[in-house]
């Protein structure tokens, strides 16, 4: 694992982003005076809350595809896909806070980055399994 | 890590399943005309939403026990336990969409698969620590 | 990865804790007769539910910083930070069940443990990248 510093850096950056987005929800609670454990309130608060929840729901999928891409396909490709995902999530969150419709461009970019990471992972895993168990070198 | 392609394949499959379940929630939103950020609606929508949330809540636990089992106990056992978990989640989700009670068989299977993965991980970790720090070979 | 048994043990312990906290929500459902998929009810139930949700939201961040610290900085430091996080989450959850205010001491400790893990990870990753790509040895 010594050689996966850059995928580690992208993972750490993404987790700092997730911490920052949780903080944004906390600030929205303060701005709208919504004391926990309540999760309902004015539309802007509910959009901020749901934007964060959606990021939470997808975060483990991102980590899995980032690392399977990095380990089994290419570290460089994982870094590019990972940075694209992090940027897309930033755009998604800020869009969603403004309006439900404005979440969509960032969300589609998120799906594109995830799909690219998953496709590269699949390529790397299938060719690795063929190499290991069937001695087929693509 | 070069040799963990099959555990990587199970992880990737599980993350594709999680993406598919998120899509099912999106389709339930369309069918019942529940626009985000709302998460309340007719019972079938709420069951679909909560079924997905429960999968989200348990997904990191699954990934941890899958990989600790694969790394420290046996790759083959991790694959079997992982595929059992993925099947159980499929059964759970489809059951829960139908009725609250029908979530139970899949849920119990989920817990069984998770417990088996955790128990094998524990065995592998304890015997690894004994071997490494106490030079005891079980 | 053969040598990361102790970080594996901390990961496994944290996932057992997460399973236990999910069980606590299940028991709160039974105590207050809140049948799934409902997530609203008396304040104590809602605090228990949100306490668990907050643990779920932060769990992948914990796993990322635990492993980047263990892999790229120091296994011992990761174990200490990880055990601190698990203890802080225990304190947070039990405090939150009692009152919204009593969640705070545990929550601040959680953030301290996470920040320490992230800072050590960052140190390890930056010095690793400098060593690998710039041949600078700190």
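Chains as they are written, first to last, in the working numbering: chain B, 1 to 138; chain C, 1001 to 1138; chain U, 2001 to 2138. Note that the Cβ used here is the ideal one computed from N, Cα and C, for glycine as well.
Are the CB atoms of residue j and residue i within a distance shorter than 8 Å?
i	j	result
residue 1082 (chain C)	residue 1092 (chain C)	no
residue 96 (chain B)	residue 113 (chain B)	no
residue 2045 (chain U)	residue 2028 (chain U)	yes
residue 1069 (chain C)	residue 1117 (chain C)	yes
To the nearest angstrom, how far is it from the Cα of residue i to the Cα of residue j?
i	j	result
residue 2012 (chain U)	residue 1126 (chain C)	11 Å
residue 2036 (chain U)	residue 2079 (chain U)	36 Å
residue 38 (chain B)	residue 2090 (chain U)	21 Å
residue 64 (chain B)	residue 128 (chain B)	17 Å
residue 2124 (chain U)	residue 1135 (chain C)	30 Å
residue 10 (chain B)	residue 1018 (chain C)	22 Å
residue 23 (chain B)	residue 2043 (chain U)	23 Å
residue 2055 (chain U)	residue 137 (chain B)	44 Å
residue 2121 (chain U)	residue 101 (chain B)	37 Å
residue 1943 (chain U)	residue 2040 (chain U)	Outside the displayed span of chain U (2001 to 2138) sits residue 1943 (chain U), for which this structure offers no information.
residue 1057 (chain C)	residue 2115 (chain U)	23 Å
residue 2025 (chain U)	residue 15 (chain B)	26 Å
residue 32 (chain B)	residue 108 (chain B)	29 Å
residue 110 (chain B)	residue 1130 (chain C)	44 Å
residue 2132 (chain U)	residue 6 (chain B)	10 Å
residue 1074 (chain C)	residue 1048 (chain C)	35 Å
residue 1094 (chain C)	residue 2119 (chain U)	43 Å
residue 98 (chain B)	residue 2067 (chain U)	35 Å
residue 1061 (chain C)	residue 50 (chain B)	23 Å
residue 1030 (chain C)	residue 30 (chain B)	32 Å
Under 8 Å, Cβ to Cβ, is there at least one residue of chain U near residue i?
i	result
residue 1121 (chain C)	yes
residue 1061 (chain C)	yes
residue 18 (chain B)	yes
residue 1007 (chain C)	no
residue 35 (chain B)	yes
residue 1071 (chain C)	yes
residue 1102 (chain C)	no
residue 1107 (chain C)	no
residue 1118 (chain C)	yes
residue 1125 (chain C)	yes
residue 1149 (chain C)	Nothing can be reported for residue 1149 (chain C): it is not among the residues displayed for chain C, which extend from 1001 to 1138.
residue 1064 (chain C)	yes
Would you verify that the beta carbon of residue i is, or is not, closer than 8 Å to some beta carbon of chain B?
i	result
residue 2128 (chain U)	yes
residue 1012 (chain C)	yes
residue 1022 (chain C)	yes
residue 1015 (chain C)	yes
residue 2075 (chain U)	no
residue 2079 (chain U)	no
residue 2110 (chain U)	no
residue 2136 (chain U)	no
residue 2132 (chain U)	yes
Against chain C, does residue i count as a neighbour if the rule is that its beta carbon must be under 8 Å from one of theirs?
i	result
residue 2032 (chain U)	no
residue 2056 (chain U)	yes
residue 47 (chain B)	yes
residue 68 (chain B)	yes
residue 29 (chain B)	no
residue 50 (chain B)	yes
Evaluate residue i with the Cβ neighbour count: other Cβ atoms within 10 Å of its Cβ, from every protein chain shown; 16 or more gives buried, anything less gives exposed.
i	result
residue 2020 (chain U)	exposed
residue 2052 (chain U)	buried
residue 1088 (chain C)	buried
residue 59 (chain B)	buried
Rounded to the nearest angstrom, how far is the Cβ of residue i from that of residue j, given a contact under 8 Å?
i	j	result
residue 2071 (chain U)	residue 8 (chain B)	7 Å
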